[in-house]
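Chemist: What follows is a structure written as structure tokens; I'll ask about it next.
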Amino acid sequence: MLALAFLCLAGAADAAVKGQGGWRLAETSSPYLRMHRDNPVEWYPWGEEALSRARAENKPLFISIGYFTCHWCHVMERESFRNPEIARLLNSGFISIKVDREQRPDLDAAYMSFVVATQGYGGWPMTILATPDGTPFFGGTYFPPDDRANAPGLAPLLRKARALWDKDRRHVVEMSRQAAQQVKQTLAATPLAKLTNAPVEQARRQFRAQFDPHDGGFGLAPKFPQPAQLLFLLQDDDRHSAEMALYTLDRMAAGGIHDHIEGGFHRYATDAAWRVPHFEKMLYDQALIARAYLAAFRRTGDRKYAGVARQTLDFALENMRDARGGFHSALGADSAVSPKQPQQTEEGAYYVWEWKSLQQAIPDLALRQWAIARYGLKRDGNVIEGSPAELSEKNVLYAARSEKELAEQFGESAATVRARIDAVNRLLRSARRTRPALPRDDKIVTAWNAYMVTTLVEAGQLLEAPRYRRAAQETLQFILDKSYDQKRNVLYRDWREGKRGARGFAEDYAAMAEALLALHGLDGNQVWLATARKLTDAQIARFWDTAAGGFYGASADAGLWLRDKPAADHVIPSASAISVGNLLRLGWLTGARDYAEKAVRTAAWQGGVLRETPESMPYTLMRWPLLMAQAGASEGRKSP
């Protein structure tokens, strides 16, 4: 591949001043971009200004893609983008573009497809070298500033890239064109000719094969919560499917990925047992993981699942909600180690405990014994071997013993055990809140807020909690007021401090329609239904693939080298998967057959995935019986 061939070849001014370094990022709405405004690198946000200059000066693009709570994005910013020599190489030889993947999921998806195809893996920060029109010719993830034993350095990479560009740019351009074409061919799909139950049955088999019977979840570490998988398994009639999902939810709730003190879930666990997390908290995780626990409560009636869902939603309402309405995107993982050292940050500093800090937080020795037993606390730390060096001799809170085991150990009643745990948690919470605050990404992303609205609606109904219903209504109205142009029927991706981001993507339209339909189901308000229909019609007009069916992630006018059309669900369900449910429901509510027929085409277009890895499309498979019925009805109408 081109990437491998390429590798084989292969004091800053105050940038807040206009015309110096990263000044162009200072007024953007992205906190991630703004954190690079003082770099000596002459950053541009993605847009015509940067691309025009690259074409005019015939320079390759250096594109760096990341997000605010990404730990290694912060590391690369400190190591490389503040480095005067790397800034000199970038400023003289490239046009440098910074991208917030959360604001531009279309760019992220396109370039990630290239990185995975050429390197066999992906991640963030994502590093791209591209021709002036944006077509990539090299891609990777994190690079240290100079060569290390296990990784090439950014500075040598830039020198080789520029030398290759100067020596034979025509060859580079042609190779980039061929590589892009190969990526497009890889992503091409063949629709299913007929919907059968085979994908559901195969998905069940795959989940059973991948299930970790010891720690729950699927596959090896690192382990990400996969709410779409859990929702499918909990809805499935197969008893074993539900057992896998429930056990996974039990292990997650006990693990360090779950914040036992303030509620909410971290982004993923670095180990198989869910004990040591990567500490950022994302809004979409709170919304979708809470929805999975609500589904577990609905399936079993066990109130422990309702309790985790409630605790997660309450955390988001108390800690991630903007004072004006809507929810912030995320809380970062890296924070100051102490108020006296605000510039010294470490991952997890807000959450982890040294032995001395535990003694100070819980001075009563008897109560401290309860904390030690509950959370597996140790004088020399309880993190497992292989954890980041920053966590050495630190304690991460996880439920080492269940309440039943604590009752047996201490010879106390269940009520006493619960009271002791609550007392421990109150003291730890009080101590933790004296620590330096976590960094916050306060942009309000349309799709992620819509996920929270849908979950709050479900919580309001299932938990008989009017406050969740009110929060859902208020949040949805906020998004409609701030990020929706009603006259033009246009959604925007995000809003921050009075500024709208880019025009919305298929995910935003689909998630908003889902939230509107959920609220309509709750209160019968016809305005919600009418708006859901308007947004779905706009989504069809802007993102529908008229040839094969299904939805592109971005509109045609984005002008990207690759117009991605995602089918697989990841931590977040794909736009197409969400749309299947919306289209089926709109078809039923309005009587318009076209909606339901488009639902079938949306499900069927990715035939290769459904035949080979249907477990990657669980959110679509949740609607499979309805889709099969609709497909049969459509065929019946066509028959003479």
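Note that the sequence shown covers residues -15 to -1, 1 to 625 in mature numbering (1 follows the signal peptide of the UniProt record, and there is no 0). Just so you know, even glycine gets a beta-carbon here, dropped at the ideal spot from N, CA and C.
Going by DSSP in three states, Lys519 sits in which element: helix, strand or coil?
Modeler: DSSP places Lys519 in helix when its eight states are reduced to three.
Chemist: Are the Cβ atoms of Trp28 and Lys83 separated by less than 8 Å?
Modeler: Taking 8 Å as the Cβ cut-off, Trp28 and Lys83 qualify as a contacting pair.
Chemist: Report yes if the CB atom of Leu343 is closer than 8 Å to the CB atom of Tyr453, and no otherwise.
Modeler: Going by C-beta atoms, Leu343 is not nearer than 8 Å to Tyr453.
Chemist: For Ser161, which residues from the same chain have a beta carbon less than 8 Å from its beta carbon, with the 5 sequence-adjacent residues on both sides left out?
Modeler: The residues are Leu(-14), Ala115, Thr116, Thr120, Pro121 and Phe122.
Chemist: Based on Cα-Cα distance, which residue from Tyr436, Arg518 and Leu234 lies nearest to Phe209?
Modeler: Out of Tyr436, Arg518 and Leu234, Leu234 has the C-alpha closest to the C-alpha of Phe209.
Chemist: What's the call for Leu476, buried or exposed, on a 16-neighbour Cβ count within 10 Å?
Modeler: By the 10 Å Cβ count, Leu476 comes out buried.
Chemist: Can you tell me the Cα-Cα spacing of Asp554 and Ile563, whole angstroms?
Modeler: Their Cα atoms are separated by approximately 10 Å.
Chemist: Run the CB neighbour count on His251, radius 10 Å, all protein chains shown included, and call it buried at 16 or more, exposed below.
Modeler: The residue in question, His251, is buried, as its Cβ has 16 or more Cβ neighbours within 10 Å.
Chemist: Taking the C-alpha atoms as reference points, what is the distance between Val556 and Gly535?
Modeler: Between Val556 and Gly535, the C-alpha separation is close to 20 Å.
Chemist: What is the C-beta distance between Arg236 and Trp259, in whole angstroms, given that I count them as a contact (C-beta under 8 Å)?
Modeler: About 6 Å separates the two Cβ atoms, so the contact holds.
Chemist: Taking all protein chains shown into account, do 16 or more other C-beta atoms lie within 10 angstroms of the C-beta of Gly371, making it buried, or fewer, making it exposed?
Modeler: Exposed, by the Cβ-count rule.
Chemist: With distance defined between alpha-carbon atoms, name the residue in Thr112, Phe490 and Glu247 nearest to Ala541.
Modeler: When each option's Cα is compared against that of Ala541, the closest is Phe490.
Chemist: Check Met602 in the structure and name its three-state DSSP category.
Modeler: In this structure, Met602 counts as coil in the three-state DSSP scheme.
Chemist: According to the neighbour-count rule (16 or more other Cβ atoms, all chains shown, within 10 Å of its Cβ), is Asn182 buried or exposed?
Modeler: By the 10 Å Cβ count, Asn182 comes out exposed.
Chemist: Based on the DSSP secondary-structure assignment, which residues constitute the bridge partners of Asn380?
Modeler: In DSSP, Asn380 forms a bridge with Trp338.
Chemist: If you drop the 5 nearest sequence neighbours on each side, which residues of the same chain put their C-beta closer than 8 Å to that of Pro551?
Modeler: Correct list, in chain order: Ala94, Gly538, Ser559, Ala560 and Ser561.
Chemist: Which runs of the alpha helix (DSSP H) at least 4 residues long sit entirely within the segment 286 to 336? Give them in chain order.
Modeler: As far as the segment 286 to 336 is concerned, its whole alpha helix (DSSP H) runs of at least 4 residues are 288 to 304.
Chemist: Mind checking residue 633: buried by the 16 CB within 10 Å criterion, or exposed?
Modeler: As displayed, the chain neither begins before -15 nor continues past 625, which places residue 633 out of reach and without an answer.
Chemist: Write down the C-beta distance between Leu495 and Gln524 rounded to the nearest angstrom, noting that I regard them as a contact closer than 8 Å.
Modeler: A small correction: the amino acid at residue 495 is Ala; Leu does not occupy that position in the sequence shown. The pair is a contact, with the Cβ atoms about 6 Å apart (cut-off 8 Å).
Chemist: Does Trp259 come out as helix, strand or coil in the three-state DSSP assignment?
Modeler: Trp259: coil per DSSP, three-state reduction.
Chemist: Could you tell me the alpha carbon to alpha carbon distance between Asp(-2) and Gln5, rounded to whole angstroms?
Modeler: At Asp(-2) the pLDDT is 39, less than 50, meaning the model places this residue with poor confidence and gives no usable figure here.
Chemist: Go through the segment 537 to 607 residue by residue and report every complete run of the alpha helix (DSSP H) that reaches 4 residues or more, in order.
Modeler: Segments of the alpha helix (DSSP H) lying fully in the segment 537 to 607: 560 to 575, 578 to 589, 592 to 597 and 603 to 606.
Chemist: Kindly indicate the opening and closing residues of the beta strand (DSSP E) around Ile71.
Modeler: Element bounds for Ile71: not the beta strand (DSSP E) but the alpha helix (DSSP H), Pro69 to Gly78.
Chemist: Could you tell me if His225 is buried or exposed, where buried requires 16 or more neighbouring beta carbons within 10 angstroms of its beta carbon?
Modeler: Exposed, since its Cβ has fewer than 16 Cβ neighbours within 10 Å.
Chemist: Enumerate, from N- to C-terminal direction, the unbroken beta strand (DSSP E) stretches of 3 or more residues contained entirely within the segment 115 to 169.
Modeler: As far as the segment 115 to 169 is concerned, its whole beta strand (DSSP E) runs of at least 3 residues are 121 to 125.
Chemist: Which whole runs of the beta strand (DSSP E) in the segment 453 to 514 are 3 residues long or more, in chain order?
Modeler: Listed in chain order, the complete beta strand (DSSP E) runs (minimum 3 residues) inside the segment 453 to 514 are 479 to 481.
Chemist: Give the straight-line distance between the Cα atoms of Gly248 and Ala272, rounded to the nearest whole angstrom.
Modeler: Going from the Cα of Gly248 to the Cα of Ala272 covers about 13 Å.
Chemist: Give me, in chain order, the residues of the same chain whose beta-carbon lies closer than 7 Å to that of Pro625; leave out the 5 immediate sequence neighbours on both sides.
Modeler: Since pLDDT at Pro625 reaches only 47, below the 50 mark, its modelled position is unreliable, and the value read off the structure follows with that caveat. Answer for Pro625: no residue qualifies.
Chemist: Look at the alpha carbon of Arg189 and the alpha carbon of Tyr232, and state the distance between them as a whole number of angstroms.
Modeler: Whole-angstrom Cα-Cα distance: 16 Å.
Chemist: Compute the Euclidean distance between the alpha carbons of Phe128 and Arg578, then round it to the nearest angstrom.
Modeler: Going by the C-alpha atoms only, they are around 52 Å apart.
Chemist: Of the residues Asp426, Arg295, Thr255 and Gly202, which one's Cα is nearest the Cα of Lys266?
Modeler: Comparing Cα positions, the closest option is Asp426.
Chemist: Report the CB separation of Leu143 from Pro130 in whole angstroms; it is logged as a contact under 8 Å.
Modeler: Leu143 to Pro130, Cβ: 10 Å. No contact.
Chemist: According to DSSP, is Thr440 part of a helix, a strand, or is it coil?
Modeler: Looking at Thr440 - three-state DSSP - the assignment turns out to be helix.
Chemist: Go ahead and label Gly(-5) buried or exposed: buried means 16 or more other beta carbons lie within 10 angstroms of its beta carbon, across all protein chains shown.
Modeler: Residue placement at Gly(-5) is flagged as unreliable, the pLDDT there being 34, under the threshold of 50; a coordinate-derived value is accordingly withheld.
Chemist: Which residues bound the alpha helix (DSSP H) around Trp57?
Modeler: From DSSP, the alpha helix (DSSP H) with Trp57 extends over His56 to Met61.
Chemist: Hey, out of Val322, Leu448 and Leu352, whose CA is closest to Thr401's CA?
Modeler: Closest option to Thr401, Cα to Cα, is Leu352.
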